[in-house]
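Participant:
Residue numbers (the working numbering): 98 to 246.
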């Protein structure tokens, strides 16, 4: 299946997401093409926006390739400025909490690719939260297993 520029399904920040992380726009390339084993999309972050809270996956690899603008990737070892052509790799199971922040005054865009495991646990580095997906069932808890309010 060919996915032409501008024909992919899209997603954008909800009001709640925009209030905490800022505005983003995503072109859902792999979903539009019917792929199920990995996700691939182009995400554009507005100035001041973040991709997510810092996190890492137990069972899913993530890969980022910068397309335009500049972004700051914040990992356990500090901050890294990415420019077009730069890439970041986050192997599954490596506790390297990361996220992307646009600290510039212009939008930035990158391709993000990740595996889609039937089961995964996502650890959030800076907040007391775990996201667990086990064979399609999702739970969100604190690190100690108690439910989130």
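Ideal Cβ positions, reconstructed from N, Cα and C, are used throughout, including at glycine.
Within 10 Å of its beta-carbon, does residue 154 have 16 or more other beta-carbons around it, so buried, or fewer, so exposed?
Facilitator: Looking up residue 154 in the chain shown gives position 57. Residue 154 is buried by the Cβ-count criterion.
Participant: Pick from 242, 223, 224 and 215: whose alpha carbon is nearest that of residue 157?
Facilitator: Numbered from its first residue, the chain shown carries residue 157 at position 60. Of 242, 223, 224 and 215, the residue nearest in Cα terms is 215.
Participant: Which residues share a DSSP beta bridge with residue 118?
Facilitator: Taking the first residue of the chain shown as 1, we reach residue 118 at position 21. None, per the DSSP bridge assignment.
Participant: Have a look at 165, 238 and 194 and flag the residue whose alpha-carbon is nearest the alpha-carbon of residue 143.
Facilitator: The residue you call residue 143 lines up with position 46 of the chain shown. With distances taken between Cα atoms, residue 143 lies closest to 165.
Participant: Alpha carbon to alpha carbon, how far is residue 219 from residue 202? Give it in angstroms, no decimals.
Facilitator: Counted from its first residue, the chain shown places residue 202 at position 105. Counted from its first residue, the chain shown places residue 219 at position 122. Residue 202 and residue 219: Cα-Cα distance of roughly 30 Å.
Participant: Using only the alpha-carbon positions, how far apart do residue 99 and residue 130 sit?
Facilitator: To locate residue 99, count along the chain shown from 1; it is residue 2. To locate residue 130, count along the chain shown from 1; it is residue 33. If you take the alpha carbons of residue 99 and residue 130, they lie about 7 Å apart.
Participant: Using CA atoms only, rank isn't needed, just tell me which of 118, 112 and 139 is closest to residue 145.
Facilitator: As a first step, residue 145 must be located in the chain shown, where it is residue number 48. With distances taken between Cα atoms, residue 145 lies closest to 118.
Participant: Determine the DSSP secondary structure at residue 159, reduced to helix, strand or coil.
Facilitator: To locate residue 159, count along the chain shown from 1; it is residue 62. If DSSP states are grouped into helix, strand and coil, residue 159 belongs with the strands.
Participant: Once you ignore the five residues that flank residue 178 on each side, which residues in its own chain have a CB closer than 7 Å to its CB?
Facilitator: On the chain shown, residue 178 is found 81 positions in, with the first residue counted as 1. Counting only Cβ-Cβ distances below 7 Å, and skipping sequence neighbours, we find 167 and 169.
Participant: Between residue 205 and residue 226, what straight-line distance do the alpha-carbon atoms span, to the nearest angstrom?
Facilitator: In the chain shown, residue 205 corresponds to position 108, counting from 1. In the chain shown, residue 226 corresponds to position 129, counting from 1. Computed Cα separation, rounded: 28 Å.
Participant: Go to residue 126, then tell me how far its alpha helix (DSSP H) extends in each direction, as first and last residue.
Facilitator: Along the chain shown, read from residue 1 onward, the residue named residue 126 stands at position 29. From DSSP, the alpha helix (DSSP H) with residue 126 extends over 126-129.
Participant: Taking all protein chains shown into account, decide if residue 235 is buried (16 or more other Cβ within 10 angstroms of its Cβ) or exposed.
Facilitator: In the chain shown, residue 235 corresponds to position 138, counting from 1. Looking at its Cβ environment, which holds fewer than 16 other Cβ atoms inside 10 Å, residue 235 is exposed.
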